[in-house]
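Visitor: One line per chain: the protein sequences are D and U, in this order. Just so we're aligned: the first sequence equals residues 0 to 335 in numbering that gives the first Met the number 0. Just so we're aligned: the second sequence equals residues 0 to 335 in numbering that gives the first Met the number 0.
Number of protein chains: 2
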Amino acid sequence: MQKKIILTGDRPTGPLHLGHFVGSLQNRVKLQNSGNYEQNILIADMQALTDHFDQPEKISENIYEVTMDYLAVGIDPKLSTICLQSELTALPELTMYFLNLLTLNQVERNPTVKEEIKQKDFANKIPVGFLVYPVSQAADITAFGADLVPVGADQVPMIEDTNYLVRKFNATYKTEVLKECEALVPENFSRLVGLDGKAKMSKSLGNAIYLKDDADTLFKKVKQMYTDPNHLKVEDPGQVEGNVVFTYLDAFDDNKEEVAKLKEHYQRGGLGDMKLKKYLFEVMDNKFKGIRERRQELSQDRGYIKSVISEGTAKARDLSNDFMKKIKAAMGLSFS
Amino acid sequence: MQKKIILTGDRPTGPLHLGHFVGSLQNRVKLQNSGNYEQNILIADMQALTDHFDQPEKISENIYEVTMDYLAVGIDPKLSTICLQSELTALPELTMYFLNLLTLNQVERNPTVKEEIKQKDFANKIPVGFLVYPVSQAADITAFGADLVPVGADQVPMIEDTNYLVRKFNATYKTEVLKECEALVPENFSRLVGLDGKAKMSKSLGNAIYLKDDADTLFKKVKQMYTDPNHLKVEDPGQVEGNVVFTYLDAFDDNKEEVAKLKEHYQRGGLGDMKLKKYLFEVMDNKFKGIRERRQELSQDRGYIKSVISEGTAKARDLSNDFMKKIKAAMGLSFS
């Protein structure tokens, strides 16, 4: 039986943080190690340029950062294909054919794009590249022949849009060459809140802990965490809900019994924030020390990182070019 | 001294007609034979799909038709590079980078696109691919490093838009890798009117004479030509302005003295339309017989036509891929 194909990936706009770890990286390692899938991890540098077109050096450098994060958390380039979007010409090629199948109205109606346009305050200056990035994303997914796309629950509409395009393409060209994909939403999916507890962890909000952060930085960030603003004295009863320290303990401490005890103690009163934060720091330091150390080692060998990307990209290039040939033949554009 | 690079081409939506011959093909043969230029002739099949997305077989077949027309009129594949757009992945690639540099407002303001949208009656259903085709055209021109683009006077704004993008790209990425191009507008440029005299010759208006038309078809079409509707009897004085037969005589009869005499006779009265049309037929048949016969021969050897396109495309692919590498390096996307 053929293994199901997964496409996943990241925009290389910065090193990866614990939000990525909780929301996707952990899951990728699990999917990889199950041996049941062909997992492709796309470093989406072209897509990153759609709203960072004037910062290509930043994107370029973060290709390495992101790859080091992948390897450090346990992505094995022998088991998963790590590849670079801008080196895969089948992707812009398929994007151009897809653009013929969508009207401007349809593209403008995309809720994710609408929301992001509002957030990014583009006003009337929306770059066309940004407007059409979901189309390029659909091309990524289909050019890899992906069966499964791991996403958060909020990204399911994106998968539906991709499948709409697939059906439209297949109907237009009377073919079945493209296949619909399924969203793979992890059980109990939730986004990790940031240090400030107010929103999801994000580089741009400045509330992130990075996989590369050293112990000192980690400790500083844990100390900054939002707890219970009414928990003024150690003996006061404290609140657990919305308390970032407990959220992180739930996420990272495998000793669930100890976490339950701490919650109870905190609610009763008598457990100070600093003591609690020191405990969390120990838990997190233990959990991420190995990753951080591997990452530190990897950063000494840029040539190796480059070779990982090159080899994965070569593999993905062959795969996507072969498939693009089939797609064009199915369209009736079978010149070669 | 390096030869200047020309990019020109056609959308393969049908065989070429005398409007193409007068407006561009003749000129291409002249430019080619001057030995002063590197001429690239792009068969723009991807662009043709932007408003014919549901007719790829038609586009596919017309790639051969158009190439036979090129060869028949004297384009020599050893001197000019005939190449196929959909086989050159640098073109969609560069298009995607360009799309980041333009806002939706800018793309929608393009006067040619605006006009064509009106003509094609897309209403609110403009395919995004069609909306952005001028961007893809700019990518074609720049990816070939074209210095000169032969266009009609009405297409000069398109060249200005391309140069706007070139300046924007170079300024954004602090480079000079892209160069501005110049419109090459032929002296005394005019569009050949159709048989009906009402508009330019065009396949969709059904008023065209094709290079492939045989003598019988040519004769039939000449007989249909619009003359002077008030010239009812042979002895009546007739009008020369707006009389398609005279327009074509001006375009195709090298014996200018004879044309002057005929005009004088027609205006004076005593020269019948049928006699005049028979004369025009002889002139045109003489002029296009050789082309038609070469084209007939070429149509017997599809393998040769295919090899012409393949070889030209391979050459153009190397050239555009090499240049795309330089472009990406200049952007700071120098992974490979």
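No residue lacks a Cβ here, since even glycine has one placed at the ideal position from N, Cα and C. All of these numbers come straight from a predicted model, not from anything done at the bench.
1) In the DSSP assignment, what residue or residues form a beta bridge with C82(U)?
2) For the alpha helix (DSSP H) containing V258(U), name the first residue and the last one.
3) Ordered along the chain, which non-local residues of its own chain (more than five positions away) have a Cβ less than 7 Å from that of I140(D)?
4) Have a look at G241(U), Q25(U), K211(U), K262(U) and flag the residue whose alpha-carbon is nearest the alpha-carbon of E64(U).
5) In the stretch 104-129 of chain U, which residues sit with their C-beta less than 9 Å from some C-beta in chain D, listed in chain order?
6) Restricting to Cα atoms, I'd like to know which of M323(D), K314(D), D227(D), A328(D) is closest to I40(D).
7) Exposed or buried, which one is E257(U) when buried takes at least 16 other CB atoms within 10 Å?
8) Comparing the C-beta of E92(D) with each C-beta of chain U, is any distance below 7 Å?
9) How many angstroms separate the CA atom of I81(U) from the CA atom of L24(U)?
10) Note the first and the last residue of the continuous alpha helix (DSSP H) segment covering D284(D).
11) Could you please tell me which residues of the stretch 57-89 of chain U, in chain order, have their CB closer than 8 Å to any CB of chain D?
12) Alpha carbon to alpha carbon, what distance is there between T216(D) and A328(D)?
13) Does T102(D) come out as helix, strand or coil in the three-state DSSP assignment?
14) Should the stretch 94-112 of chain U be called in touch with the stretch 57-72 of chain D, which here means at least 3 C-beta pairs below 8 Å?
15) Any idea what DSSP makes of D321(D), helix, strand or coil?
16) Using beta-carbon positions only, say whether T246(U) and V282(U) come within less than 7 Å of one another.
17) Using 10 angstroms around the beta-carbon of R301(U), count the other beta-carbons present and answer buried if the total reaches 16, otherwise exposed.
18) Mind checking the stretch 159-172 of chain D against chain U and listing, in chain order, the residues whose C-beta falls within less than 9 Å of any C-beta there?
19) With DSSP as the reference, label P55(U) as helix, strand or coil.
20) If we ignore side chains and look at the alpha-carbon of each, how far apart do D50(U) and I208(D) end up?
21) So, helix, strand or coil for H19(D), using DSSP?
22) Would you call the stretch 90-105 of chain U in contact with the stretch 88-101 of chain D, where contact means no fewer than 3 C-beta pairs closer than 8 Å?
23) Does the distance from the C-beta atom of R316(U) to that of L87(U) stay below 7 Å?
24) What separation, rounded to the nearest whole angstrom, lies between the Cα atoms of S135(U) and I42(U)?
25) Say whether chain D places a C-beta atom closer than 7 Å to the C-beta of T12(U).
26) Use the C-beta contact count for S306(U): other C-beta atoms within 10 angstroms, 16 or more gives buried, fewer gives exposed.
27) Along the beta strand (DSSP E) that carries K3(D), what are the first and last residues, could you check?
28) Could you check which residue in V106(U), P126(U), D213(U), A71(U) has the C-alpha nearest to that of A47(U)?
29) Tell me the DSSP secondary structure of K199(U) in three-state form.
Guide: So, to answer that:
1) L41(U)
2) 255-267
3) L6, V148, T161, C180
4) K211(U)
5) N104, Q105, V106, E107, F121, N123, K124, I125, P126, V127, G128, F129
6) K314(D)
7) exposed
8) yes
9) 13 Å
10) 272-297
11) I58, S59, I62, L83, S85, E86, T88, A89
12) 54 Å
13) strand
14) no
15) helix
16) no
17) exposed
18) T171, Y172
19) helix
20) 49 Å
21) helix
22) yes
23) yes
24) 13 Å
25) no
26) exposed
27) 3-9
28) P126(U)
29) strand
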